[in-house]
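The block underneath contains the structure these notes are about, expressed in C-alpha coordinates.
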Amino acid sequence: MTAVAVVLYEDSQRGAARFPLHMLFLTCIADRRVGEEGWPPTVAEQLGEIIAGNPRGGANKVLRDLEDATHPMYDAAQQVVVVLDDDAHTRSMAGLEPDASVVDSIAAITAKAGQPDKVSVFLPYESLEKALAILSSACRAQGVAVAEADERRAVIEKKRQARDDIIRRATYEGEGRKIRAQLLSELPSLVPFINALDDLSKPADAAETRD
(Lines of atoms letter the chains of each structure in order from A and count residues from 1; the text may use other names and numbers.)
(Lines give C-alpha, C1' and ligand atoms only; values in the text may rest on other atoms or scores of the structure.)
Protein backbone atom coordinates (compact mmCIF):
# COMPACT_ATOMS: atom_id res chain seq x y z
CA MET A 1 0.00 0.00 0.00
CA THR A 2 1.37 3.41 -0.99
CA ALA A 3 1.68 5.78 1.95
CA VAL A 4 -0.25 9.01 1.73
CA ALA A 5 2.38 10.56 3.98
CA VAL A 6 5.70 9.86 5.65
CA VAL A 7 6.45 11.77 8.85
CA LEU A 8 10.09 12.57 9.57
CA TYR A 9 10.94 12.96 13.25
CA GLU A 10 14.25 14.22 14.59
CA ASP A 11 14.01 11.69 17.42
CA SER A 12 15.59 8.24 17.39
CA GLN A 13 14.44 4.67 17.82
CA ARG A 14 16.05 1.26 18.09
CA GLY A 15 14.51 -1.80 16.47
CA ALA A 16 11.99 -2.26 13.69
CA ALA A 17 8.76 -1.79 15.68
CA ARG A 18 6.58 1.19 14.93
CA PHE A 19 7.80 4.41 16.51
CA PRO A 20 5.81 4.88 19.77
CA LEU A 21 5.60 8.67 19.43
CA HIS A 22 4.13 8.33 15.95
CA MET A 23 1.59 5.78 17.20
CA LEU A 24 0.58 8.17 19.99
CA PHE A 25 -0.17 10.89 17.47
CA LEU A 26 -2.10 8.50 15.22
CA THR A 27 -4.12 7.44 18.25
CA CYS A 28 -5.02 11.11 18.80
CA ILE A 29 -6.59 10.98 15.33
CA ALA A 30 -8.31 7.69 16.12
CA ASP A 31 -9.89 9.28 19.20
CA ARG A 32 -11.88 11.47 16.82
CA ARG A 33 -13.19 8.50 14.85
CA VAL A 34 -13.93 5.87 17.46
CA GLY A 35 -16.87 5.95 19.85
CA GLU A 36 -16.45 5.83 23.60
CA GLU A 37 -16.80 2.05 23.55
CA GLY A 38 -14.23 1.60 20.78
CA TRP A 39 -10.49 0.98 21.05
CA PRO A 40 -8.57 3.81 19.30
CA PRO A 41 -5.19 2.00 19.12
CA THR A 42 -6.71 -0.49 16.66
CA VAL A 43 -7.65 2.34 14.31
CA ALA A 44 -4.23 3.90 14.85
CA GLU A 45 -2.59 0.68 13.66
CA GLN A 46 -4.65 0.91 10.48
CA LEU A 47 -3.69 4.55 10.01
CA GLY A 48 -0.06 3.51 10.35
CA GLU A 49 -0.41 1.59 7.09
CA ILE A 50 -0.90 4.83 5.15
CA ILE A 51 0.91 7.37 7.37
CA ALA A 52 4.42 6.09 8.01
CA GLY A 53 6.59 7.37 10.85
CA ASN A 54 10.33 7.69 10.24
CA PRO A 55 12.51 8.67 13.24
CA ARG A 56 15.76 9.98 11.78
CA GLY A 57 17.90 10.38 14.90
CA GLY A 58 18.79 14.05 14.55
CA ALA A 59 17.42 17.26 13.07
CA ASN A 60 20.44 17.44 10.76
CA LYS A 61 19.48 14.08 9.25
CA VAL A 62 15.91 15.25 8.74
CA LEU A 63 17.11 18.31 6.84
CA ARG A 64 19.66 16.29 4.86
CA ASP A 65 16.93 13.95 3.63
CA LEU A 66 14.56 16.84 3.02
CA GLU A 67 17.05 18.71 0.82
CA ASP A 68 17.70 15.68 -1.41
CA ALA A 69 15.21 15.98 -4.28
CA THR A 70 16.01 12.40 -5.34
CA HIS A 71 15.36 10.86 -1.90
CA PRO A 72 13.09 7.79 -2.25
CA MET A 73 10.61 9.18 0.29
CA TYR A 74 9.40 11.70 -2.29
CA ASP A 75 8.26 8.85 -4.54
CA ALA A 76 7.08 6.59 -1.73
CA ALA A 77 4.51 9.02 -0.29
CA GLN A 78 2.22 11.73 -1.53
CA GLN A 79 3.28 14.10 1.24
CA VAL A 80 6.37 14.47 3.42
CA VAL A 81 5.60 15.83 6.89
CA VAL A 82 8.48 17.17 8.99
CA VAL A 83 8.39 17.43 12.80
CA LEU A 84 11.18 19.45 14.43
CA ASP A 85 11.64 21.08 17.81
CA ASP A 86 10.65 24.73 18.11
CA ASP A 87 14.09 25.79 19.34
CA ALA A 88 17.24 27.75 18.51
CA HIS A 89 18.97 24.71 17.03
CA THR A 90 16.24 24.27 14.44
CA ARG A 91 16.40 27.95 13.55
CA SER A 92 20.19 27.84 13.26
CA MET A 93 20.02 24.98 10.78
CA ALA A 94 17.43 26.94 8.82
CA GLY A 95 19.84 29.89 8.68
CA LEU A 96 17.77 32.06 10.99
CA GLU A 97 18.30 33.99 14.21
CA PRO A 98 17.30 32.24 17.47
CA ASP A 99 14.30 34.54 17.93
CA ALA A 100 12.86 34.01 14.44
CA SER A 101 9.13 33.34 14.40
CA VAL A 102 7.62 29.91 13.88
CA VAL A 103 6.12 31.10 10.59
CA ASP A 104 9.50 32.29 9.28
CA SER A 105 11.18 29.11 10.50
CA ILE A 106 8.67 26.88 8.73
CA ALA A 107 9.02 28.91 5.54
CA ALA A 108 12.82 28.70 5.63
CA ILE A 109 12.84 24.94 6.24
CA THR A 110 10.27 24.33 3.51
CA ALA A 111 12.34 26.39 1.07
CA LYS A 112 15.28 24.04 1.66
CA ALA A 113 13.28 21.01 0.56
CA GLY A 114 14.20 19.25 -2.65
CA GLN A 115 10.49 19.04 -3.53
CA PRO A 116 8.88 21.81 -1.45
CA ASP A 117 5.41 21.32 -2.96
CA LYS A 118 5.23 17.92 -1.26
CA VAL A 119 6.44 19.11 2.15
CA SER A 120 4.65 20.26 5.29
CA VAL A 121 6.70 21.41 8.30
CA PHE A 122 5.59 21.56 11.92
CA LEU A 123 7.34 22.78 15.07
CA PRO A 124 4.77 21.47 17.59
CA TYR A 125 6.80 21.68 20.81
CA GLU A 126 9.93 23.30 22.21
CA SER A 127 11.35 19.85 22.91
CA LEU A 128 10.05 16.31 23.15
CA GLU A 129 11.18 16.26 26.78
CA LYS A 130 8.87 19.13 27.67
CA ALA A 131 6.03 17.34 25.90
CA LEU A 132 6.87 14.22 27.90
CA ALA A 133 6.65 16.18 31.15
CA ILE A 134 3.13 17.29 30.19
CA LEU A 135 2.26 13.72 29.19
CA SER A 136 3.54 12.33 32.51
CA SER A 137 1.45 14.84 34.43
CA ALA A 138 -1.60 13.95 32.34
CA CYS A 139 -1.06 10.25 33.04
CA ARG A 140 -0.96 10.85 36.79
CA ALA A 141 -4.03 13.10 36.62
CA GLN A 142 -5.95 10.22 35.05
CA GLY A 143 -4.74 7.62 37.52
CA VAL A 144 -2.06 6.05 35.32
CA ALA A 145 1.08 5.65 37.39
CA VAL A 146 4.28 7.30 36.18
CA ALA A 147 6.98 7.19 38.85
CA GLU A 148 9.06 10.33 39.33
CA ALA A 149 12.17 8.25 38.67
CA ASP A 150 10.75 7.13 35.31
CA GLU A 151 9.86 10.69 34.39
CA ARG A 152 13.34 11.84 35.33
CA ARG A 153 14.92 9.17 33.13
CA ALA A 154 12.72 10.23 30.22
CA VAL A 155 12.80 14.01 30.63
CA ILE A 156 16.14 14.81 32.26
CA GLU A 157 18.35 11.88 31.29
CA LYS A 158 16.64 11.45 27.90
CA LYS A 159 16.57 7.67 28.13
CA ARG A 160 14.81 6.23 25.12
CA GLN A 161 13.24 3.26 26.93
CA ALA A 162 11.78 5.47 29.66
CA ARG A 163 10.47 7.86 27.00
CA ASP A 164 8.76 5.08 25.11
CA ASP A 165 7.28 3.52 28.25
CA ILE A 166 5.49 6.76 29.12
CA ILE A 167 4.29 7.24 25.56
CA ARG A 168 2.94 3.68 25.40
CA ARG A 169 1.00 4.20 28.62
CA ALA A 170 -0.66 7.26 27.09
CA THR A 171 -1.43 5.25 23.96
CA TYR A 172 -2.65 1.91 25.31
CA GLU A 173 -3.88 2.38 28.89
CA GLY A 174 -7.64 2.32 29.47
CA GLU A 175 -7.65 6.02 30.38
CA GLY A 176 -5.54 6.87 27.35
CA ARG A 177 -8.22 8.90 25.63
CA LYS A 178 -8.43 11.30 28.58
CA ILE A 179 -4.64 11.47 28.80
CA ARG A 180 -4.35 12.38 25.13
CA ALA A 181 -7.12 14.97 25.43
CA GLN A 182 -5.27 16.60 28.32
CA LEU A 183 -2.02 16.56 26.34
CA LEU A 184 -3.64 18.42 23.44
CA SER A 185 -5.34 20.84 25.83
CA GLU A 186 -2.08 21.72 27.56
CA LEU A 187 0.01 21.67 24.38
CA PRO A 188 -2.28 23.33 21.78
CA SER A 189 0.64 23.88 19.39
CA LEU A 190 0.42 20.14 18.72
CA VAL A 191 -3.14 20.38 17.38
CA PRO A 192 -2.37 21.75 13.86
CA PHE A 193 -0.01 18.81 13.31
CA ILE A 194 -2.67 16.30 14.40
CA ASN A 195 -5.21 18.09 12.19
CA ALA A 196 -2.90 17.82 9.20
CA LEU A 197 -2.35 14.09 9.66
CA ASP A 198 -6.09 13.63 10.17
CA ASP A 199 -6.85 15.37 6.87
CA LEU A 200 -4.14 13.49 4.99
CA SER A 201 -5.57 10.16 6.14
CA LYS A 202 -9.04 10.90 4.76
CA PRO A 203 -10.20 10.37 1.16
CA ALA A 204 -9.85 13.55 -0.88
CA ASP A 205 -13.63 14.03 -1.06
CA ALA A 206 -14.01 13.58 2.71
CA ALA A 207 -11.17 15.76 4.01
CA GLU A 208 -12.38 18.71 6.05
CA THR A 209 -11.17 22.23 5.45
CA ARG A 210 -9.70 23.66 8.63
CA ASP A 211 -9.02 27.25 9.63
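As numbered in my numbering, residues -11 to 199 make up the sequence shown, in order. Idealized CB from N, CA, C, for every residue including glycine.
Shown here, Ala65 sits in a strand according to DSSP, grouped into three states. Look at Phe181 here: in three-state DSSP terms it is helix.
Going by beta carbons, Pro43 and Tyr(-3) fall inside the 9 Å limit.
Within the model, the alpha-carbon separation for Glu25 versus Ile94 is close to 39 Å.
Secondary structure of Val22 (DSSP, three-state): coil. DSSP places Phe7 outside both helix and strand once states are collapsed to three, so it counts as coil.
In this structure, the beta-carbon distance from Leu123 to Ala101 does not fall below 9 Å. Here Asp75 really is in contact with Ser115; their C-beta atoms are around 6 Å apart, less than 8 Å. A residue is called buried when at least 16 other Cβ atoms come within 10 angstroms of its Cβ; Ser189 meets this threshold and is buried.
Just so you know, the alpha carbons of Ala137 and Gln66 end up roughly 42 Å apart. When Glu163, Arg141 and Arg151 are compared, the shortest CA-CA separation from Ala129 is found for Glu163. Selection Ala133, Arg141, Glu145 and Cys127 evaluated against Gln170 yields Cys127 as nearest (Cα-Cα). With 16 or more other CB atoms across the displayed protein chains lying within 10 angstroms of its CB, Gln1 is buried. Along the length of the region 86 to 129, whole alpha helix (DSSP H) runs at least 4 residues long occupy 90 to 99 and 116 to 129, reported in chain order. Listed in chain order, the non-local C-beta contacts of Met11 below 7 Å within the same chain comprise Ala32, Gly36 and Thr159, local neighbours out to five positions each way being set aside.
Gly164 carries a helical assignment under DSSP once its states are collapsed to helix, strand and coil.
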